[in-house]
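*Asks:* In full-length UniProt numbering, the protein residues as written are 1 to 111.
Just dropping this structure here.
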């Protein structure tokens, strides 16, 4: 068997696969019924990062069974309902453009 410490960490590591294997989210739903609170807590956190509105009832169910994780459930629900805005990633073209502007500024100073 696995240790009690390895299981919650395994749930956390599974988050890395959500983008390439979307069915991973179904595992997080299953983990909400786990006997370990730490596994349930990490599953709640994962759903907060990757879940959709259709997952909200599962979060409501788990908090009824285990009120101690209610803070994590509230945070997860908030993230699902109003996802945090992600900063725009810069493409290489935009980076080159910004660097060229900086070079132009330096050239102006040196003239």
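Quick reminder that beta carbons are idealized off the backbone N, C-alpha and C, glycines included.
Every value quoted in this text rests on a predicted model; they were computed, and no experiment measured them.
Classify residue 18 as helix, strand or coil using the three-state DSSP reduction.
*Replies:* Residue 18: coil per DSSP, three-state reduction.
*Asks:* Between the Cα of residue 48 and those of 100, 67, 68 and 25, spot the shortest distance and give me the residue it belongs to.
*Replies:* The option with the nearest alpha carbon to residue 48 is 25.
*Asks:* Find out if the Cβ-Cβ distance for the pair residue 73, residue 46 is shorter than 9 Å.
*Replies:* No.
*Asks:* How is the alpha helix (DSSP H) around residue 57 delimited, first residue to last?
*Replies:* Per DSSP, residue 57 belongs to the alpha helix (DSSP H) from 56 to 65.
*Asks:* Output yes or no for whether 9 Å exceeds the beta carbon distance between residue 86 and residue 56.
*Replies:* No, they are not a contact pair.
*Asks:* Exposed or buried, residue 148, counting other C-beta atoms within 10 Å across all chains shown (16 or more means buried)?
*Replies:* No answer is possible for residue 148: it lies beyond the span of the chain, which begins at 1 and ends at 111.
*Asks:* What are the boundary residues of the alpha helix (DSSP H) that includes residue 26?
*Replies:* Residue 26 -> alpha helix (DSSP H) spans 24 to 31.
*Asks:* Considering just the uninterrupted stretch of the alpha helix (DSSP H) at residue 70, what are its terminal residues?
*Replies:* Where residue 70 is concerned, the enclosing alpha helix (DSSP H) stretches over 70 to 81.
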